[in-house]
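**Student:** Using the working numbering, you'd call the opening residue of the sequence shown number 1 and step up by one each time.
Even glycine gets a Cβ: it sits at the ideal position worked out from N, Cα and C.
What follows is a single structure, and I will ask about it in a moment.
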Amino acid sequence: MRNKLSKYLLLALLFTAAISTSQTITGYVYDETKQPLEGAFVYLDGTTLSASTDAKGFFSIKAPQKLSTTLVVSFIGFETFRLQEPFKYEKALGIVLREDATLLEEVVVSSKSGFSRKQMMKVFREEFLGKSKAGSSCKIENEQDITVYYDANTNTLFATASKPIWITNKRLGYNVQFDLMNFQVNYNYKTLDRFNMTGSFFAGTTFFKDIAVKASADKKRKEAYLGSVTHLLKTMSEESWEKEKFELYTEGFISNPQEFFKVSDTLGLKKVTLIKVPQSKGNNLNVLRSKPAGEAQSKYSDFKFQILYDRKGRNEQSFFIFDKGFFYVDKNGQFFPVSELAFGGHMSTLKAGDMLPADFK
Numbered sequence: 001m002r003n004k005l006s007k008y009l010l011l012a013l014l015f016t017a018a019i020s021t022s023q024t025i026t027g028y029v030y031d032e033t034k035q036p037l038e039g040a041f042v043y044l045d046g047t048t049l050s051a052s053t054d055a056k057g058f059f060s061i062k063a064p065q066k067l068s069t070t071l072v073v074s075f076i077g078f079e080t081f082r083l084q085e086p087f088k089y090e091k092a093l094g095i096v097l098r099e100d101a102t103l104l105e106e107v108v109v110s111s112k113s114g115f116s117r118k119q120m121m122k123v124f125r126e127e128f129l130g131k132s133k134a135g136s137s138c139k140i141e142n143e144q145d146i147t148v149y150y151d152a153n154t155n156t157l158f159a160t161a162s163k164p165i166w167i168t169n170k171r172l173g174y175n176v177q178f179d180l181m182n183f184q185v186n187y188n189y190k191t192l193d194r195f196n197m198t199g200s201f202f203a204g205t206t207f208f209k210d211i212a213v214k215a216s217a218d219k220k221r222k223e224a225y226l227g228s229v230t231h232l233l234k235t236m237s238e239e240s241w242e243k244e245k246f247e248l249y250t251e252g253f254i255s256n257p258q259e260f261f262k263v264s265d266t267l268g269l270k271k272v273t274l275i276k277v278p279q280s281k282g283n284n285l286n287v288l289r290s291k292p293a294g295e296a297q298s299k300y301s302d303f304k305f306q307i308l309y310d311r312k313g314r315n316e317q318s319f320f321i322f323d324k325g326f327f328y329v330d331k332n333g334q335f336f337p338v339s340e341l342a343f344g345g346h347m348s349t350l351k352a353g354d355m356l357p358a359d360f361k
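Spelled out as structure tokens, the structure:
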């Protein structure tokens, strides 16, 4: 049976003790008895920016600019706390964590699935880390904390983790802490054959620690960025398709992006709005999903936009489909809501092993 986690039961209170600057987030972390929690780990999701609380429970994180990200607070024995858009708060944060009394429900893996842990973990590594150069160089340091199971009723492989997943990315020079919130791979029938995969999805928060010696990984990181989802969305928001070597195709023909997308400024972000849909359908395509299978799809999910990226004369083909018809992009190419776009082709093969920090330059 599918394992379910209880909802996070965490409280966040605003205090007026101190004022944060536009690029600095400050706050205090307490338990439910109002005692400060020293040593709590606080970080901005998808970045290298973090802090630990002192004896008073105080933390301060300074960012070079406002980021469209989530503040994450974790402490052993307590529920993980997440706060979206933390930069919008002008006061210091007072964060109250509740003790983690949640126990994972027993995961019953039906013997009828016929798949061993070894087989399922192989799929997990491929669909979570990826099979690119960077993904193949990654090692999960605590696989014992990962539970994988196959639901034969829905032909779906699930994974959960009792602790954050620790990844060593040798190629890109990062240690990554990935707090897995959801992972699933969907198939046409009871199989683990990737040729019968209909889609995959994973979600969570990440913290990056740079372990590269001097600038040894710079070239490889740049290579990972070029042609990535982040690169594409930054290109779309800046309307610099030709300069960045991207081409848009609809119905098999090269197309003018301005005919299909409107880009506007809003609150320091770029809003990309779909103003015209192509006729080519995206049904039954293998995609890296933006939401778990089973959730309602929008009227745009049948229409795909094809992308070509010129990597030194070698074209990389991808496509994407919309959900509601608009999304926002920040200066770093980070977009939200993340459920708005689903990717296929080359970009769908780029997994956690190809991720870069949001503050990557």
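Taking the continuous beta strand (DSSP E) assigned at residue 90, which residues delimit it?
**Tutor:** Neither: residue 90 is in no beta strand (DSSP E) and is coded neither H nor E.
**Student:** Pick helix, strand or coil for residue 221, following the three-state DSSP scheme.
**Tutor:** Residue 221 falls in the helix class under three-state DSSP.
**Student:** Using three-state DSSP, classify residue 141 as helix, strand or coil.
**Tutor:** It is coil, neither helix nor strand.
**Student:** Could you name the residues of the same chain whose beta carbon sits closer than 6 Å to that of residue 129, not counting the 5 residues immediately before and after it, in chain order?
**Tutor:** Excluding sequence neighbours, residue 129 sits near 135, 138, 351, 352, 353.
**Student:** Measuring CB to CB, does residue 182 end up less than 8 Å from residue 207?
**Tutor:** Cβ distance not < 8 Å, so residue 182 and residue 207 don't count as in contact.
**Student:** Go ahead and pull the three-state DSSP assignment for residue 234.
**Tutor:** Helix, per DSSP.
**Student:** Are the CB atoms of residue 158 and residue 167 within a distance shorter than 8 Å?
**Tutor:** Their beta carbons are not under 8 Å apart, which means residue 167 does not touch residue 158 by this criterion.
**Student:** Smallest Cα separation from residue 61: which of 77, 87, 355, 187?
**Tutor:** Per the Cα distances, 87.
**Student:** Is residue 169 helix, strand or coil when you go by DSSP?
**Tutor:** It is a strand residue.
**Student:** Within the continuous beta strand (DSSP E) that includes residue 209, where are the two ends?
**Tutor:** Here the beta strand (DSSP E) through residue 209 covers 197-210.
**Student:** Using the C-alpha atoms, what's the distance from residue 245 back to residue 209?
**Tutor:** Roughly 30 Å between the two C-alpha positions.
**Student:** Near residue 212, what residues of its chain come up, given a Cβ to Cβ distance below 6 Å and the 5 sequence neighbours on each side ignored?
**Tutor:** 173, listed in sequence order.
**Student:** Could you give the distance in angstroms between the alpha-carbon of residue 180 and the alpha-carbon of residue 71?
**Tutor:** Answer to the nearest angstrom: the Cα atoms are 15 Å apart.
**Student:** Taking residue 37 as the reference, give the member of 56, 46, 115, 310 with the closest Cα.
**Tutor:** Nearest option by C-alpha distance: 56.
**Student:** Any idea what DSSP makes of residue 132, helix, strand or coil?
**Tutor:** Correct three-state label for residue 132: coil.
**Student:** Report yes or no: do three or more beta-carbon pairs, one from the segment 41-58 and one from the segment 114-128, lie closer than 8 Å?
**Tutor:** At 8 Å Cβ cutoff, the stretches do not touch.
**Student:** Would you kindly work out how many angstroms separate the C-alpha atoms of residue 95 and residue 79, rounded to a whole number?
**Tutor:** C-alpha separation (whole angstroms): 12 Å.
**Student:** Among 233, 248, 83, 256, which residue has its Cα nearest to the Cα of residue 97?
**Tutor:** Selected option, being the one with the closest Cα: 83.
**Student:** Taking only runs of the alpha helix (DSSP H) that begin and end inside the segment 305-342, which ones reach a length of at least 4 residues, in chain order?
**Tutor:** For the segment 305-342, not a single whole alpha helix (DSSP H) run of length 4 or above is found.
**Student:** Can you give, in chain order, each stretch of the beta strand (DSSP E) that sits fully within the segment 40-94 and has at least 3 residues?
**Tutor:** DSSP runs (the beta strand (DSSP E)) wholly in the segment 40-94: 41-44, 50-52, 58-62, 70-74, 81-84.
**Student:** Taking the CB atoms as reference points, tell me whether residue 121 and residue 150 lie closer together than 8 Å.
**Tutor:** No, the pair does not count as a contact, with Cβ atoms beyond the cut-off.
**Student:** Nearest to residue 276 by CA position, among 256, 90, 308, 99, is which residue?
**Tutor:** Ranking 256, 90, 308, 99 by Cα distance to residue 276 puts 256 first.
**Student:** Are the CB atoms of residue 305 and residue 233 within a distance shorter than 8 Å?
**Tutor:** Contact: no.
**Student:** Determine the direct distance from the alpha carbon of residue 242 to that of residue 267, and round the result to whole angstroms.
**Tutor:** So the two alpha carbons sit approximately 27 Å from each other.
**Student:** Roughly how many angstroms lie between the CA atoms of residue 44 and residue 23, to the nearest whole one?
**Tutor:** Straight-line Cα distance between these residues: approximately 12 Å.
**Student:** Could you give the distance in angstroms between the alpha-carbon of residue 144 and the alpha-carbon of residue 155?
**Tutor:** Each residue's Cα considered, the two are about 24 Å apart.
**Student:** What separation, rounded to the nearest whole angstrom, lies between the Cα atoms of residue 319 and residue 171?
**Tutor:** The alpha-carbon atoms of residue 319 and residue 171 are separated by roughly 26 Å.
**Student:** Could you check if residue 338 is buried or exposed, using at least 16 other CB atoms within 10 Å of its CB as the buried criterion?
**Tutor:** With fewer than 16 other Cβ atoms within 10 Å, it is exposed.
**Student:** Kindly indicate which residue of 189, 328, 90, 141 has the alpha-carbon position closest to the one of residue 263.
**Tutor:** That would be 328, whose Cα lies nearest to the Cα of residue 263.
**Student:** In angstroms, rounded to a whole number, what distance separates the CA positions of residue 40 and residue 316?
**Tutor:** C-alpha separation (whole angstroms): 43 Å.
**Student:** Span of the beta strand (DSSP E) holding residue 260?
**Tutor:** First-last for residue 260: 257-260, but that is the alpha helix (DSSP H), not the beta strand (DSSP E).
**Student:** Helix, strand or coil, according to DSSP, for residue 177 in the structure here?
**Tutor:** Strand.
**Student:** May I ask which residues mark the beginning and end of the beta strand (DSSP E) holding residue 148?
**Tutor:** Run containing residue 148: 146-151, per the beta strand (DSSP E) assignment.
**Student:** Just to confirm, is the Cβ distance from residue 357 to residue 48 under 8 Å?
**Tutor:** Closer than 8 Å, so yes.
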